[in-house]
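When we follow full-length UniProt numbering, the leftmost residue of the sequence shown carries the number 1, and every step to the right adds one. Worksheet: one structure, shown below.
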Amino acid sequence: MRFFRKTPLAWRQLMKEKTRLAVAIAGITFADMLMFIQLGFESALFDAAAKPHRNLQADLVLISPQFQTLSSVKSFSRKRLYQVLGYEGVQSVNSVYIGTGQWRNPQTRLERAILVWGVDPAQPVFKSPEIQQNQDQLKQLYQVMFDQAGRPEYGAVGDIFNKTGNFETELNSIAIDVKALFTDGASFTADGNVIASDSTFLQLFPEHQRDRIEVGLITLKPNAVLETVRSQLSDGLPEDVRVLTPEEFAQIEKKYWESSTAIGFIFGLGTTVGFIVGIVIVYQILYSDVSEHLPEYATLKAMGYSDRYLLGILLQEALFLAILGFLPGFILSVGLYQVANTATMLPIFMKLERAITVCILTVIMCTFSGAIAMRKLRSADPADVF
């Protein structure tokens, strides 16, 4: 603390050239915003893609080993799910159909892809209370629940339904009625979701085989040990199915978008570019500052001040720049998140861990730039003063 109570050379040098300081703050703010946006969209991608998986009402799930993403589901035989009932500790099982259908906007007559879930309306499938409360509405054929947080291109479904209590349109060229709403949200997998009964699903997708399902839901008895039952199922069932927890199921979706597509790489590259841009900007500012005050630094050396002391001044400047640039970058990014959330319907919000990450990256960025600029400071020769 005594170090910072000395003459604040670093702060005075920054404040001397206010225009240069403003440019530096603007540059760091831009770099931070770029990192915030890239990390925010990446996180929103993963959260939105994995949200349906985490919402499943099950202790364990059964899927095909070839399953990678909901946008291209792989099915397996329903009899594997029936085999699960023979294992001790298993209380009940349930099946889920998943397919991508074509939703017609009745106002524009344009069709748009939408993710369709086929479930047993008599059994709980999702944890969401609003879905469970309205599952009875699905017992009649061609009645569905619609995701009101989906893209607006599907039409003003929520507004019309809330006013009239009904919404009629076509799904896969078949007339259907929306009888309830729920909230899930758009993702990179799908722009929206529809939940139908298993019977309605098979009518909407006549090519889908009844005995082939996409996800099997397994509920265990209250006293069952999850890992024990899971191990028994993994060892006893054929290799044409995998036994996972809902969270592990969600991680498969996340891993797909992170490593099997260019999207994860693009967001990572954008974050790296923002970090490098910040380093270059701060380095240019500090280098110019050192060059301009080189005689003063040489005088301090002649007075006996060490390179370590001068480096401390330079690093203080870097830290001041990091703080001054991070704060407006954080505030502006929160606003941009809100705009992006409204425009894309993706769950993009500021998270504490992301703010801390970008803050740490900003400090590293500025400190690294100061260390590079130190090379110029070392060239300050006291002999040049005299």
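We put the CB at the ideal spot given by N, CA and C, even for glycine. Predicted model only: the values in this text are computed from it and were never measured.
**OP:** Could you pull out every residue in the same chain whose Cβ sits closer than 8 Å to the Cβ of Ala113, ignoring the five residues on either side in sequence?
**Re:** The residues Thr100, Gly101, Gln102, Trp103, Ala190, Asp191, in chain order, have a CB closer than 8 Å to that of Ala113 in the same chain once the five nearest residues on each side in sequence are set aside.
**OP:** Output the boundary residues of the beta strand (DSSP E) element that contains Tyr97.
**Re:** First-last of the beta strand (DSSP E) with Tyr97: 90-104.
**OP:** Only counting runs of 3 or more residues, tell me where the beta strand (DSSP E) segments fall wholly within the region 229-306, in order along the chain.
**Re:** Counting whole runs of 3 or more residues, the region 229-306 contains the beta strand (DSSP E) stretches 242-244.
Original post:
Between Arg5 and the rest of its own chain, which residues show a CB-CB distance below 8 Å, the 5 nearest in sequence each way excluded?
Top reply: Confidence at Arg5 is low in this model, with a pLDDT of 49, below 50, so the placement of that residue should be treated as unreliable; the coordinate-derived value is given next. Around Arg5: no qualifying Cβ.
Original post:
Quick one: what's got a C-beta closer than 6 Å to Ile276's C-beta in the same chain, skipping five residues either side?
Top reply: The same chain holds no residue with a CB closer than 6 Å to that of Ile276 once the five nearest residues on each side in sequence are set aside.
Original post:
Between the C-alpha atoms of Phe188 and Val280, what's the straight-line distance to the nearest angstrom?
Top reply: Pairing Phe188 with Val280, the inter-Cα distance amounts to about 33 Å.
Subject >> Close beta carbons around residue 452, own chain, < 8 Å, minus the five adjacent residues each side >> reply: Residue 452 lies beyond the residue range present for the chain, which begins at 1 and ends at 386; the question has no answer from this structure.
Subject >> Touching by the beta-carbon criterion (3+ pairs, under 8 Å), the region 142-151 and the region 165-185 >> reply: The region 142-151 vs the region 165-185: in contact.
Subject >> Extent of the continuous alpha helix (DSSP H) to which Phe201 belongs >> reply: From DSSP, the alpha helix (DSSP H) with Phe201 extends over 198-204.
Original post:
Who are Arg212's beta bridge partners in DSSP?
Top reply: Note: Arg212 sits in a beta bridge opposite Ser77.
Original post:
With burial defined as no fewer than 16 other Cβ atoms inside 10 Å of the residue's Cβ, what is the status of Lys18: buried or exposed?
Top reply: Lys18 should be labelled exposed.
**OP:** Would you identify the three-state DSSP class for Ser43, choosing helix, strand or coil?
**Re:** It is helical.
Original post:
Got a sec, what are the start and stop residues for the alpha helix (DSSP H) Asp159 sits in?
Top reply: Where Asp159 is concerned, the enclosing alpha helix (DSSP H) starts and stops at 157-164.
Original post:
Is the Cβ-Cβ distance between Ala250 and Arg54 less than 7 Å?
Top reply: Yes. Within cutoff.
Subject >> Residue of Ser234, Thr271, Ala373, Asn134 minimising C-alpha distance to Val84 >> reply: When only C-alpha atoms are compared, the closest one is Ser234.
**OP:** Ignore the nearest five residues each way along the sequence and tell me which others in residue 391's own chain have a CB closer than 6 Å to its CB.
**Re:** The question about residue 391 has no answer, for the chain in this structure spans 1 to 386.
Original post:
Touching or not, the region 57-74 and the region 234-244, by the rule of three or more beta carbon pairs under 8 Å?
Top reply: The answer is yes - the region 234-244 touches the region 57-74, with three or more Cβ pairs under 8 Å.
**OP:** Just the C-alpha distance for Phe3 and Gln13, rounded to the nearest angstrom, thanks.
**Re:** Reliability fails at Phe3, whose pLDDT of 46 lies under 50, so the model's placement of it is uncertain and the value that follows must be treated cautiously. Rounded to the nearest angstrom, the two C-alpha atoms are 17 Å apart.
Subject >> Nonlocal neighbours in the same chain, by C-beta distance under 7 Å from Ala355, ignoring five residues either side >> reply: Phe330.
**OP:** Could you give the DSSP three-state label for Ser128: helix, strand or coil?
**Re:** Coil at Ser128, not helix or strand.
Subject >> Spatial neighbours of Gly27 in its chain, beta-carbon cut-off 8 Å, leaving aside the 5 residues before and after >> reply: Around Gly27: Val277, Gly278, Ile281, Val282, Ile285, Gly325.
Original post:
With 16 other CB atoms within 10 Å as the buried threshold, where does Asn223 fall?
Top reply: With fewer than 16 other Cβ atoms within 10 Å, it is exposed.
Original post:
Should the region 210-219 be regarded as contacting the region 86-94, the criterion being three or more beta carbon pairs within less than 8 Å?
Top reply: Result yes; three or more Cβ-Cβ pairs closer than 8 Å.
Subject >> Where the beta strand (DSSP E) containing Gln68 begins and where it ends >> reply: Gln68 -> no beta strand (DSSP E), and no H or E assigned at all.
Subject >> From Phe41, Phe201, Gln135, residue whose alpha carbon lies closest to that of Ala343 >> reply: For the residues Phe41, Phe201, Gln135, the minimum Cα distance to Ala343 belongs to Phe41.
Subject >> Where Asn162 falls, given that 16 or more other Cβ within 10 Å makes a residue buried >> reply: That one is exposed.
Original post:
If you run the structure through DSSP and keep just helix, strand and coil, what is Asp120?
Top reply: Coil.
Original post:
Is Leu138 close to chain C, meaning its C-beta is less than 7 Å from at least one C-beta of that chain?
Top reply: In the displayed structure, chain C is absent; only one protein chain is listed.
Subject >> Helix, strand or coil at Phe146 according to DSSP, with G and I counted as helix >> reply: Strand, per DSSP.
Subject >> Rounded C-alpha distance that separates Leu141 from Thr164 >> reply: Pairing Leu141 with Thr164, the inter-Cα distance amounts to about 20 Å.
**OP:** Report buried or exposed for Ile360, applying the criterion of at least 16 other Cβ atoms within 10 angstroms of its Cβ.
**Re:** Ile360 is classed as exposed because its beta carbon has fewer than 16 other beta carbons within 10 Å across all chains shown.
Original post:
In whole angstroms, what separates the C-alpha of Met15 from that of Leu21?
Top reply: Rounded to whole angstroms, Met15 to Leu21 spans 7 Å at the Cα level.
**OP:** Would you mind stating whether Val125 and Val116 have Cβ atoms separated by less than 7 Å?
**Re:** Val125 is not a Cβ neighbour of Val116, given a cutoff of 7 Å.
**OP:** Please report how far the alpha carbon of Arg80 lies from the alpha carbon of Ala175, in whole angstroms.
**Re:** Just so you know, the alpha carbons of Arg80 and Ala175 end up roughly 33 Å apart.
**OP:** Tell me, please, which residues DSSP counts as bridged to Leu60.
**Re:** Beta-bridge pairing links Leu60 to Ile218.
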